[in-house]
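S.K.: Below is one structure. I have some questions about it.
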Amino acid sequence: MKTGGCFCKSVRYELKNNDYKVVNCHCSMCRRTSGAPFVSWLIVPTTDFRYTGDTPQLLKSSENASRDFCAKCGTPVTCVNETHPEIVDVTLGSLDEPETFVPSGDFYTDTRLPWVT
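Positions -2 to 114 (the working numbering) are the ones given, in order, by the sequence shown.
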């Protein structure tokens, strides 16, 4: 199993040890909710993911998507889009060992900040 969670370790999760796709998202919602120039997402089937710690806080970030974050420290953890409910996007940086995954592409490059290469 792979594990991860928030900065304060209240929200914890585990997922099956598989080779998941990772992408960088440059959309404005990811930038605003993370405070970062882009977010790297691990794309995981919902059947491979489960929370093991505190229940995260839910943010309805758009008509079709919601994001989970820690109510204590604010760390963004996941995003679920109703257009593909069988997938949970997990913030790569919230993994205990994020270095084991490498992004394979970029999304919303039309809104990528000009200095990000």
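The beta-carbon is built from N, C-alpha and C at its ideal position, and this holds for glycine as well.
Name the DSSP bridge partner or partners of G2?
M.R.: On the sequence shown, position 5 is the one that residue 2 refers to. DSSP, once it has assigned bridges, lists R9 as partnering G2.
S.K.: Could you name the residues that DSSP lists as bridge partners for K57?
M.R.: Counting from 1 along the sequence shown, the entry for residue 57 is found at position 60. Answer is S63, bridged to K57.
S.K.: Write down the C-beta distance between D103 and N21 rounded to the nearest angstrom, noting that I regard them as a contact closer than 8 Å.
M.R.: Position 106 of the sequence shown, counted from the first residue, corresponds to residue 103. Position 24 of the sequence shown, counted from the first residue, corresponds to residue 21. Sure, about 5 Å apart at Cβ, within 8 Å.
S.K.: Got a sec? Which residues, its chain only, sit under 7 Å from S91 by beta carbon, not counting five neighbours each side?
M.R.: As a working mapping, residue 91 is identified with position 94 in the sequence shown. G1, G2, C3, T72, V74, listed in sequence order.
S.K.: How many Å lie between R64 and L55 at the Cα?
M.R.: The residue given as residue 64 occupies position 67 in the sequence shown. The residue given as residue 55 occupies position 58 in the sequence shown. Taking the straight line from one Cα to the other gives about 6 Å.
S.K.: What does DSSP give as the partner residue(s) for F35 in the beta ladder?
M.R.: Looking up residue 35 in the sequence shown gives position 38. DSSP lists no partner for F35.
S.K.: Output yes or no for whether 8 Å exceeds the beta carbon distance between V41 and I84.
M.R.: By one-based count along the sequence shown, residue 41 stands at place 44. By one-based count along the sequence shown, residue 84 stands at place 87. Yes, these two residues count as a Cβ contact at 8 Å.
S.K.: Assign L92 to one of three DSSP states: helix, strand, or coil.
M.R.: Counted from its first residue, the sequence shown places residue 92 at position 95. In this structure, L92 counts as strand in the three-state DSSP scheme.
S.K.: Keeping to the same chain, check which residues put their C-beta closer than 7 Å to that of P100; ignore five residues upstream and five downstream.
M.R.: Here the question's residue 100 lines up with position 103 in the sequence shown. Result list for P100: V19, V20, N21, S37, in chain order.
S.K.: Tell me which residue opens and which closes the beta strand (DSSP E) that D16 is part of.
M.R.: Indexing the sequence shown from 1 puts residue 16 at position 19. Neither: D16 is in no beta strand (DSSP E) and is coded neither H nor E.
S.K.: Roughly how many angstroms lie between the CA atoms of C24 and R109, to the nearest whole one?
M.R.: As a working note, residue 24 is residue 27 in the sequence shown. As a working note, residue 109 is residue 112 in the sequence shown. For C24 and R109, the distance between alpha carbons rounds to 7 Å.
S.K.: If you draw a straight line from the C-alpha of V113 to the C-alpha of S31, how long is it?
M.R.: Taking the sequence shown and counting its residues from 1, one reaches residue 113 at position 116. Taking the sequence shown and counting its residues from 1, one reaches residue 31 at position 34. Going by the C-alpha atoms only, they are around 16 Å apart.
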